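Counted the way our numbering counts, the sequence shown spans residues 1378 to 1548.
First the structure, in the form of structure tokens, and then the observations on it.
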Amino acid sequence: MTNLLENAKKFAGKFHKGQYRKDGVTPYITHPAAVAHILEQTGVTDQEILAAAWLHDVVEDTSATLEDILNSFTQRVAGIVEVLTRNCDRETYKTRILNAGYDAQLVKIADMVHNCSDIAKDYSQLPRTMVETKIKDCEAIYLILAERVSKHLYHQLRTSYERVKDRVMEE
1378 MTNLLENAKK FAGKFHKGQY RKDGVTPYIT HPAAVAHILE QTGVTDQEIL
1428 AAAWLHDVVE DTSATLEDIL NSFTQRVAGI VEVLTRNCDR ETYKTRILNA
1478 GYDAQLVKIA DMVHNCSDIA KDYSQLPRTM VETKIKDCEA IYLILAERVS
1528 KHLYHQLRTS YERVKDRVME E
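And the structure:
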């Protein structure tokens, strides 16, 4: 692991310390780790993209700022994190992702792959409306985007999406 990745992992670990996934048990840091791993399994070797994967939720979900990211990492990493930070309404955010550069879209699709696979495993901790919103967002933009960005990620996202949709429809 390069210094950039090691620093991103430590930075994310520091700021996400004490946070948990929606199940209230799983440490939150497992999510950015999974997003980075998904990208690596897809063949991504670009260290700045992988660093951004580790950091993609830090500004949105912790006290870290974009300035902290910029001071600690490259402008490119900070730019990807900035695009992925949801600091606006859902529609504006979706438009931002659709208009984002390839790097940010790649990280976002890997993020959606992990979130959907988590929901497919157990969504009992989530409000049904949240799960339905994820399904709609997947249908409306993320599957289309994934197909353009990475066929491999598209197939992973499609599989997770179908599992979530099937489970919701069963109820």
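Cβ atoms here follow ideal geometry from the backbone N, Cα and C, with glycine treated the same way.
In this text the structure is predicted, and so the values were computed from the model without any measurement.
Buried or exposed by the 16-neighbour rule on C-beta atoms within 10 Å, applied to residue i
i: residue 1489; result: buried
i: residue 1452; result: exposed
Alpha carbon of residue i to alpha carbon of residue j, nearest angstrom
i: residue 1529; j: residue 1395; result: 33 Å
i: residue 1547; j: residue 1533; result: 21 Å
i: residue 1484; j: residue 1409; result: 10 Å
i: residue 1496; j: residue 1450; result: 31 Å
i: residue 1441; j: residue 1519; result: 27 Å
i: residue 1539; j: residue 1503; result: 18 Å
i: residue 1434; j: residue 1461; result: 8 Å
i: residue 1509; j: residue 1467; result: 14 Å
Collapsed DSSP secondary structure at residue i in the structure displayed
i: residue 1470; result: helix
i: residue 1409; result: helix
i: residue 1500; result: coil
Bridge-paired residues (DSSP) for residue i
i: residue 1479; result: DSSP, once it has assigned bridges, lists no residue as partnering residue 1479.
Cβ-heavy atom distance, residue i to the ligand NAP, below 8 Å
i: residue 1501; result: With respect to the ligand NAP, the structure shown offers nothing to examine, as it has no ligands at all.
(request) Could you tell me whether the stretch 1382 to 1392 touches the stretch 1443 to 1460, where touching means 3 or more Cβ pairs closer than 8 Å? (result) Three or more Cβ pairs closer than 8 Å define a contact, and the stretch 1382 to 1392 meets that threshold against the stretch 1443 to 1460.
(message) Three or more C-beta pairs under 8 Å: does that hold for the stretch 1452 to 1463 against the stretch 1425 to 1437?
(response) Look at the beta carbons and you see the stretch 1452 to 1463 touching the stretch 1425 to 1437: at least three pairs across the two are nearer than 8 Å.
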